[in-house]
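Residue numbers (the numbering used here), protein chains in the order written: chain L, 124 to 790; chain S, 124 to 790.
From the three backbone atoms N, C-alpha and C, an ideal C-beta is built for every residue, glycine too.
To start, the structure itself, in structure tokens.
Protein chains: 2
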Amino acid sequence: MNAFLKLSLGTAALLAVGFQACKPKNTSSAVSGDAAVKAYVPPGKYDEFYNFVSGGFSGQLSVYGLPSGRLFRVIPVFSVDPEKGWGYSEETKPMLMTSHGFIPWDDLHHTELSQTNGEIDGRWVFGNANNTPRVARVDLKTFRTAEIIELPNSAGNHSSPFITENTEYVVAGTRFSVPVDYANGDVPISTYKENFKGTISFISVGKEDGKMDIAFQLLLPGVNFDLSHAGKGPSHGWFFFSCYNSEQANTLLEVNASQKDKDFILAVNWKKAEEYLKAGKGKKEKVRYARNTWDESTHTGKHEILEEVTVLDGVALKDICYLIPCPKSPHGCDVDPTGEYIVGSGKLAALIPVFSYTKMQKAIAAKAFEGEYEGIPVIKYEEALHGEVQKPGLGPLHTEFDGKGNAYTSFFVSSEIVKWNIKDLKVLDRAPTFYSIGHLSIPGGDSKKPSPKYVVGYNKITKDRYLPTGPELAQSAQIYDISGDKMQLINDFPTIGEPHYAQSAPAELISKNSVKIFKIEENNHPYVAKGEKESKVVREGNKVHVYITAIRSHFSPDNIEGVKVGDEVYFHVTNLEQDWDVPHGFAVKGANNGELLVMPGETQTLKWVPEKTGIFPIYCTDFCSALHQEMSGYVRVSPKGSTVPLTFSLGKNSSDAKSKENNSNGH
Amino acid sequence: MNAFLKLSLGTAALLAVGFQACKPKNTSSAVSGDAAVKAYVPPGKYDEFYNFVSGGFSGQLSVYGLPSGRLFRVIPVFSVDPEKGWGYSEETKPMLMTSHGFIPWDDLHHTELSQTNGEIDGRWVFGNANNTPRVARVDLKTFRTAEIIELPNSAGNHSSPFITENTEYVVAGTRFSVPVDYANGDVPISTYKENFKGTISFISVGKEDGKMDIAFQLLLPGVNFDLSHAGKGPSHGWFFFSCYNSEQANTLLEVNASQKDKDFILAVNWKKAEEYLKAGKGKKEKVRYARNTWDESTHTGKHEILEEVTVLDGVALKDICYLIPCPKSPHGCDVDPTGEYIVGSGKLAALIPVFSYTKMQKAIAAKAFEGEYEGIPVIKYEEALHGEVQKPGLGPLHTEFDGKGNAYTSFFVSSEIVKWNIKDLKVLDRAPTFYSIGHLSIPGGDSKKPSPKYVVGYNKITKDRYLPTGPELAQSAQIYDISGDKMQLINDFPTIGEPHYAQSAPAELISKNSVKIFKIEENNHPYVAKGEKESKVVREGNKVHVYITAIRSHFSPDNIEGVKVGDEVYFHVTNLEQDWDVPHGFAVKGANNGELLVMPGETQTLKWVPEKTGIFPIYCTDFCSALHQEMSGYVRVSPKGSTVPLTFSLGKNSSDAKSKENNSNGH
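As structure tokens, then:
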């Protein structure tokens with residue numbers, strides 16, 4: 124065993140101790156008497172907050188209620204979803220296209236609600252794809268993914284999708300540096316220092332329509348950008364990024380990227396970058412990346428490949444970037460509601476440094492630098508420091524704010540949430556978490572105006588918190604009431620996927636805008652049938668287009684003949700309902716493309732390539748009425764070259780249907 | 124508008140009234156003071172019951188806790204699942220294969236827990252695929268799908284997967300009759316009466332290993348089999364199936380299958396069928412169907428195609444099948460704990476008939492038949508009837524039992540649960556549901572020994588029960604305490620997918636057997652690396668096999684070079700951890716096959732076909748330690764025909780790595 128591996132085992136031992144140490148003998152002793160009443164939302168009553176929770180390795184985004192912890196919806200974003208049809212219908216497939224082709228599954232780490240004047244405005248929630256770098260925008264009127272943009276010159280899109288105070292930009296920083304796409308990437312991994320680059324993308328967001336464009340990318344040295352937050356108020360115009368692996372290691376990072384006592388927070392003056400951009404200092408580089416846009420008038424996603432991006436050199440172009448030393452392997456990088464304080468959480472550090480925006484500005488003006496790192500000025504630690512929280516706990520990760528001058532930091536190793544005062548840096552309270560908390564979230568807790576009723580901890584280890592389900596366990600979250608001086612644990616709830624960052628918004632801000640149906644008269648899908656009279660089956664070569672309608676409790680048509688082996692059959696299912704919560708589903712036996720779920724007023728398409736002759740049932744998969752079981756039909760598939768004519772019908776008796784065989788149109 | 128459509132609109136209007144009528148002005152008024160305490164499970168405490176809930180159109184099966192309503196796990200069964208890797212790893216892909224090829228998404232309607240002596244034994248839970256007919260068996264030691272068997276000669280596998288009292292058989296009846304696979308299926312749909320057949324499959328279940336085989340299929344007239352339950356105690360040896368569409372309609376079933384005042388319950392004497400089978404009366408028919416089996420020693424699914432099934436003619440072979448008239452379009456078909464009473468719920472009926480097994484036997488002995496239907500004797504209604512529950516509600520669907528002589532029936536149209544006495548058929552209590560309940564479930568409620576603490580209603584309409592999430596809403600369940608004389612609503616919880624049937628088991632019965640890890644020494648995967656020393660990269664033509672290990676917090680190897688465009692790279696990831704709840708994930712940028720999640724001691728494989736040159740990061744997607752962010756690596760992809768040698772390494776510094784380029788093995 125070499126020295127590296129010994130070090131590694133030492134760390135593992137530390138973590139093992141961390142897990143054990145925080146487990147009280149009687150876990151329920153932490154719960155006081157009125158917790159049930161505080162956490163319980165009686166049947167028929169609403170939760171106070173929407174909680175938008177990243178799904179981690181599931182690639183989706185989940186919506187829970189607070190304080191009940193009930194799961195209202197998994198919003199499909201970067202992964203296919205057989206519960207919704209996302210990635211299965213012909214309309215949704217384009218949304219998961221990338222420059223690498225169709226990607227069925229990604230890893231979504233952070234949610235960020237759009238803001239106006241630094242306050243949550245309830246319009247959109249953004250999410251990042253960590254593996255194949257992308258940013259998604261979800262429309263909170265429909266709770267659907269409205270747009271996904273890919274990021275060229277990028278890998279491990281972890282430092283994302285954080286926003287500026289008027290949602291001018293969403294940012295996306297590379298956790299894994301790689302050769303840029305427009306360079307020769309076929310280089311030895313050992314040439315990391317020369318060839319690997321970090322980039323940060325500034326994605327502009329359309330003020331009205333939310334449309335995303337990569338305004339510019341900053342080209343930076345090869346390090347690992349981890350997390351970020353924008354300045355606000357006085358610090359609006361700046362963005363702050365934690366970065367680790369300033370050692371520039373390319374293997375066994377566990378050891379090799381944990382050598383230095385301090386890594387950095389990168390402060391980016393994006394207003395300055397905008398000036399350079401205007402002055403034509405950006406280089407237009409040839410790259411390939413996808414932008415996929417959902418059109419709610421056709422209920423269809425459009426996939427396009429873009430071929431150019433503007434790159435600004437963050438090192439050569441002076442006064443954009445500055446580094447602030449930060450102990451050790453910083454993870455969370457959080458800005459308080461006033462915009463004055465920047466908290467860096469070094470996951471291997473024994474203290475929390477709090478930086479002052481005012482002091483940082485003075486240091487820059489005074490050129491109080493300790494030197495340069497890869498060409499970027501490094502501000503002297505003490506010159507930017509407001510102060511340090513001493514002995515806060517082990518393994519600080521993330522900090523949120525209550526807007527009353529207090530910060531709440533999660534500690535992975537000591538497994539607790541610690542409340543401390545931003546001004547005097549004194550620890551005020553600590554509450555154990557079960558077990559090993561990662562992110563935490565206060566409603567509005569990264570905005571100018573938090574709603575400090577609850578803090579939710581998203582734990583990384585579940586173990587014995589719930590009835591066991593074999594080797595694979597749900598993750599676990601915990602809700603603490605923070606309306607008093609002390610945190611009070613009131614509820615545990617299991618979570619789907621693996622939550623990383625989450626954000627919450629007061630219910631009313633979003634519920635008032637929620638769309639209930641899609642108006643059938645506004646449906647511009649090219650294959651819509653706006654009533655049963657428009658339902659039909661049309662053959663174009665080997666393509667058969669079925670314009671089929673669904674309404675309680677039948678399809679029109681429900682008998683189809685004349686389909687042949689080798690045909691491509693497109694079932695364009697229009698749900699004619701105009702009532703809330705009356706979706707219809709659609710399935711055909713043996714279909715390799717899945718099924719459909721179609722919301723009221725919407726058209727969705729299932730492609731089916733029958734490979735056998737016979738009779739194939741179709742039916743509604745979403746229970747819709749007392750006669751739902753009767754909502755079915757049949758498709759006859761004949762051999763290639765068969766002369767059975769194409770016919771379709773609804774409600775005709777069998778003798779009519781028989782005579783139909785002599786006609787080309789049985790409707 | 125023709126008469127059919129008018130009828131149809133009349134039904135729709137009835138349903139609309141049904142939805143409205145049951146909505147109280149103040150929904151929370153139904154909740155009394157101690158509900159919070161009854162429903163609340165404090166942090167750190169366990170739920171009393173596991174609730175296994177079908178996922179409907181999601182194709183999966185969910186595990187909730189009662190009374191908290193918390194979601195512990197979605198068990199992937201018939202659909203791919205990006206949260207678990209089901210259907211993405213090379214090992215799990217075979218589990219979703221069918222005679223139609225790979226099916227990514229199906230529709231799971233009913234869960235059934237295995238029984239011994241008519242009591243839930245906690246070993247397995249079965250589920251049915253409704254669209255492409257299959258039955259799955261889930262192992263409750265691991266909470267994983269252990270086996271899936273396809274059903275030939277079948278469509279709309281709705282009347283499934285109900286079991287006999289010692290799990291001798293799982294049955295599967297066709298909701299949609301179709302021509303059998305071994306006949307010419309290319310026939311006009313209008314020849315339904317001649318050519319379309321119903322079948323019921325009796326799948327034997329291995330007593331020790333649970334292995335499923337189709338023992339025989341019953342060939343029956345073309346009708347729609349809807350639901351079923353086995354006899355028990357005195358009626359063990361019989362199976363009961365509801366069937367609708369005795370009109371044998373093939374179009375607009377909403378109207379055409381609702382013509383007759385009575386349809387049927389089919390009583391099957393399966394012991395008699397076994398005798399015929401032994402006597403060689405079965406016909407061996409050539410068909411094709413899949414059986415997929417999960418092997419926990421290799422962590423791999425095996426897909427095989429079987430080519431023969433034994434068919435018994437349920438009409439020609441006398442004394443197997445009898446029909447009992449049942450009003451109107453019967454849906455649920457439920458047998459009480461004593462095995463004496465069979466409840467048929469006609470969804471369009473205004474009463475509930477309860478049949479007596481003893482009377483049915485007497486009627487058969489006395490040949491008290493009113494005639495035949497398609498060659499099957501029809502017992503006189505009055506001769507089999509125990510009695511009718513009068514004015515119970517509108518739209519009865521399903522009945523469960525408390526073992527204390529009471530039945531609980533769900534009513535879709537009048538949106539309520541009604542409790543009534545089995546002997547005297549008097550209504551004892553009724554509770555509103557929000558809204559339009561489908562199935563309901565009492566722990567052990569279809570077994571000989573119910574645990575009558577709760578009844579859970581699975582509602583079909585959600586509307587305003589929770590904060591809105593756009594046009595698409597979660598389904599909603601409700602928990603009622605039934606420990607007293609009157610039902611008490613204590614909790615609402617949203618559910619994932621669309622629950623149809625669900626079953627619950629006391630926690631201890633299952634939790635005591637739950638597997639926590641897979642032992643690495645028992646891992647017989649052909650590409651396992653049982654320690655870092657065994658990790659390696661091997662080229663076989665254009666196939667590159669990466670034997671890669673994962674342990675907190677690094678992969679071995681984590682730097683790989685010599686991969687070329689056009690290669691098929693197989694990352695065989697072995698998780699070396701032997702601690703509960705320490706999974707690792709695996710992702711590589713741009714992979715079109717998804718990602719991996721690997722439980723402790725397990726090996727799973729991601730196939731990756733790189734289509735571009737460059738440097739591709741790999742990383743762990745499941746947060747595993749304080750140094751999880753460091754658990755990453757790089758793969759270099761060179762052009763086709765490149766001479767860069769295949770090398771791999773861990774922890775070497777860059778100068779070592781450079782020199783490595785001259786070797787064929789860098790480890």
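Legend entry - Pair within 8 Å by beta-carbon distance, P450 (chain L) and A472 (chain L): yes
Legend entry - Secondary structure, beta strand (DSSP E): runs of 3+ residues fully inside the stretch 228–308 of chain L: 231–239, 242–252, 257–262, 267–273 and 292–296
Legend entry - Own chain partners of P227 (chain L) with C-beta closer than 6 Å, once the 5 adjacent residues on each side are dropped: V203
Inset, instruction - Taking only beta-carbon positions, decide if S181 (chain S) is within less than 8 Å of chain L. - result: yes
Legend entry - Rounded C-alpha distance that separates L219 (chain L) from F362 (chain L): 29 Å
Legend entry - Length of the line joining the Cα atoms of P515 (chain S) and A380 (chain S): 24 Å
Inset, instruction - Examine chain S for any beta-carbon lying closer than 8 Å to the beta-carbon of G764 (chain L), and answer yes or no. - result: no
Inset, instruction - In angstroms with no decimal places, state the Cα-to-Cα distance between F641 (chain S) and L375 (chain S). - result: 52 Å
Inset, instruction - May I ask you to check if the CB of H359 (chain S) is nearer than 7 Å to at least one heavy atom of the ligand MG? - result: As for the ligand MG, it is missing from this structure, which has no ligand bound.
Inset, instruction - Work out the CA separation of E644 (chain S) and T744 (chain S) for me, nearest whole Å. - result: 25 Å
Inset, instruction - Answer yes if the stretch 651–666 of chain L comes into contact with the stretch 628–635 of chain L, meaning at least three C-beta pairs across the two stretches below 8 Å, and no otherwise. - result: no
Legend entry - Backbone CA spacing between S676 (chain S) and R588 (chain L) [nearest angstrom]: 24 Å
Inset, instruction - Please classify Q752 (chain S): does DSSP put it in a helix, a strand, or coil? - result: helix
Legend entry - I565 (chain S) (DSSP reduced to helix, strand or coil): coil
Inset, instruction - Sort out for me which residues DSSP pairs D604 (chain L) with in a bridge. - result: L:Y577 and L:Q611
Inset, instruction - Return the residue from the list L:L517, L:G345 and L:K712 that minimises the CA-CA distance to E317 (chain L). - result: L:G345
Legend entry - Closer than 7 Å at the beta carbon, the chain S residues around V810 (chain L): No statement about residue 810 (chain L) is possible, as the shown extent of chain L runs from 124 to 790 and does not include it.
Legend entry - K330 (chain L) burial status per 10 Å Cβ neighbour count (16 or more: buried): exposed
Inset, instruction - Consider the Cβ of T532 (chain S): report whether some Cβ of chain L lies at a distance smaller than 8 Å. - result: no
Legend entry - Contact list for H454 (chain S) against chain A, beta-carbon separation under 8 Å: Checking the listed chains, one finds no chain A in this structure; the protein chains it contains are L and S.
Inset, instruction - Give every residue of the same chain whose Cβ lies closer than 7 Å to the Cβ of I674 (chain S), excluding the five residues on either side of it in the sequence, and list them in chain order. - result: L699 and E700
Inset, instruction - Can you give me the start and stop residues for the alpha helix (DSSP H) that Q484 (chain S) sits inside? - result: Y480 to A488
Inset, instruction - Could you say which of S:M610, S:Q611, S:E595 and S:K635 lies nearest to P617 (chain S) if we only look at CA atoms? - result: S:E595
Legend entry - When S:Y693, S:H359 and S:K394 are compared against F339 (chain S), the one with the closest alpha-carbon: S:K394
Inset, instruction - Run the CB neighbour count on G762 (chain L), radius 10 Å, all protein chains shown included, and call it buried at 16 or more, exposed below. - result: The sequence shown places Pro at residue 762 (chain L), not Gly. Label assigned to P762 (chain L): exposed.
Inset, instruction - Find out if the Cβ-Cβ distance for the pair Q620 (chain L), E718 (chain S) is shorter than 8 Å. - result: The question names Gln, but residue 620 (chain L) in the sequence shown is Gly. No, these two residues do not count as a Cβ contact at 8 Å.
Inset, instruction - Out of S:M754, S:G156, S:C366 and S:S637, point me to the one whose CA is closest to S679 (chain S)'s CA. - result: S:M754
Inset, instruction - Give a yes or no on whether 8 Å exceeds the smallest Cβ distance from A259 (chain L) to chain S. - result: no
Inset, instruction - Please say whether Y480 (chain L) and P357 (chain L) have beta carbons closer to each other than 8 Å? - result: yes
Inset, instruction - Answer with buried or exposed for S606 (chain L), where buried requires no fewer than 16 other C-beta atoms within 10 angstroms of its C-beta. - result: exposed
Inset, instruction - Note down, in chain order, every chain L residue with its Cβ under 7 Å from the Cβ of I584 (chain S). - result: D704
Inset, instruction - Please confirm whether G526 (chain L) and P460 (chain L) have their CB atoms less than 8 Å apart. - result: yes
Legend entry - Residues of its chain near N373 (chain S), where Cβ-Cβ distance is below 6 Å and the 5 sequence neighbours each way are ignored: I312 and Y315
Legend entry - Reduced DSSP category for K401 (chain L) - H, G, I as helix; E, B as strand; rest coil: helix
Legend entry - Three-way DSSP call (helix, strand, coil) for M218 (chain S) in this model: helix
Legend entry - Interface partners of F195 (chain L) on chain S, CB under 9 Å: Y589, L590, P591, T592, L596, A597 and P617
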